[in-house]
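Residues in the sequence shown are numbered consecutively from 1, following the UniProt record's numbering.
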Amino acid sequence: MEFKVKPKAAPSTLKEAVRDTERLSVDLPKPLKRDLKRVAVDEGRTISEIVNELIRDYVQSHKNTNK
């Protein structure tokens, strides 16, 4: 009898994709933090998900420009 292992599907969320993490503390002005939280709630996302996306996009866009 032969069993085939089904390949693991790509992570469907950032939370699943980022298992090995480190904490990052950032000081934000209170109004900016409040607005960010409001956007996160409106989008059904966490602040962490939004910040991870923004940092990932920023780093990716600057990868080849700072050599």
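The beta carbon of each residue, even a glycine, is placed where N, CA and C say it ideally should be.
Cα-Cα separation between ASN64 and TYR58, rounded to whole angstroms: Against the sequence shown, residue 64 aligns to sequence position 64. Against the sequence shown, residue 58 aligns to sequence position 58. Approximately 12 Å between the Cα atoms of the pair.
Coarse secondary structure for LEU54, derived from DSSP in three states: Within the sequence shown, the letter at position 54 stands for residue 54. Under the three-state reduction of DSSP output, LEU54 falls in the helix class.
Distance between LEU32 and GLU43 (C-alpha atoms, nearest Å): Numbered from its first residue, the sequence shown carries residue 43 at position 43. Numbered from its first residue, the sequence shown carries residue 32 at position 32. About 16 Å.
Local conformation of SER48 per DSSP, three classes: Reading the sequence shown from its first residue, position 48 is the one you call residue 48. Helix.
Span separating the alpha-carbon of ASP35 from that of LEU54: Here the question's residue 35 lines up with position 35 in the sequence shown. Here the question's residue 54 lines up with position 54 in the sequence shown. So the alpha carbons of these two residues sit roughly 16 Å apart.
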